[in-house]
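Here's the structure, in structure tokens; my notes come after.
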Amino acid sequence: MGTELRRTLLCCGVLATQTGAGSWFIISYATYFMTVAGVSTDDAFKFSVMNTCLGLIGVNIGIYLMRHVMGRRTILMTGAVVQACMMLGLAVSATVAPGTEAARRCVIAFTGLYICSYNMLVGDATYPTATEMVSTRLRSWSVGSAISLGYFLAWLTGFCSPYFINPENLNWVSLPLACLLFLLCLSHSVCLF
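Counted from 1, the sequence shown has number 77 at position 77 by the working numbering; the numbering is strictly sequential.
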């Protein structure tokens with residue numbers, strides 16, 4: 001019973017890293033986030049479409065990496081570190097030059113790099129890793145529970161994010177939110193190790 005519980009909890013943890021890495025925030029609210037950070041509405045929409053295309057490219061690169069270059073655990077740990085660096089880049093750009101054109105370009109660049117690296121590294125490897133770490137007897141229950149937890153956390157992120165980045169509420173445009181997501185990405189890389 002102890003081994004099965006541990007494997008189920010690990011499965012839940014692996015699938016929870018998708019939300020913990022900030023992916024649902026970026027996927028859901030990238031356009032609004034860039035608008036609040038100072039990017040024009042038209043450009044924010046264009047760059048959100050660009051981010052989707054970068055994500056598609058990242059998925060295909062990730063499939064190749066997982067099949068021919070790296071193992072799944074290495075991909076997950078590398079993805080967590082790369083995503084932490086992208087969030088740290090957002091936080092540094094918001095601190096060093098807030099409200100400038102350079103800061104807006106950094107928001108666009110780091111958001112695009114984050115989406116590409118998420119889809120290339122973490123997004124590709126979480127489901128295969130989660131499904132192979134549980135026993136065959138409990139696979140459907142364990143993976144189903146883990147996916148349910150992942151979607152609950154995604155809903156929670158989707159519900160809370162507008163309050164975090166809205167200028168009339170918490171106004172966490174770049175710095176505090178990026179620092180929080182940096183710490184989450186870093187902690188999930190440590191947990192995967």
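Every residue, glycine too, gets a C-beta built ideally from N, C-alpha and C.
| query | result |
| --- | --- |
| Residues near Ala248 in its chain [Cβ-Cβ closer than 7 Å; skip 5 each side] | No statement about residue 248 is possible, as the shown extent of the chain runs from 1 to 193 and does not include it. |
| Limits of the alpha helix (DSSP H) - the one that Thr136 falls within | No alpha helix (DSSP H) contains Thr136, which DSSP labels as neither H nor E. |
| Sub-9 Å separation of Val122 and Gln18 beta-carbons | yes |
| Straight-line gap, Val69 to Glu168 (C-alpha atoms, nearest Å) | 47 Å |
| Simplified DSSP assignment, three categories, for Pro98 | coil |
| Identity of the residue in Phe33, Gly62, Ala30 and Ala37 nearest Ser117 by Cα | Gly62 |
| CA-to-CA distance, Tyr114 to Gly99, given in whole angstroms | 21 Å |
| Coil, strand or helix - Val39 by DSSP | coil |
| Cβ pair count under 8 Å reaching 3, the stretch 86-102 against the stretch 146-166 | no |
| Other residues of its chain near Arg7: CB distance less than 6 Å, five sequence neighbours each side excluded | Met133 and Val134 |
| Per-residue burial, Ser148 [other beta carbons within 10 Å of its own, 16 or more giving buried] | exposed |
| Candidates Thr3, Leu5 and Ala21: closest to Gly150 by CA position | Ala21 |
| Continuous alpha helix (DSSP H) stretch holding Arg6: start and end | Gly2 to Gly20 |
| Where Met70 falls: helix, strand or coil (DSSP) | coil |
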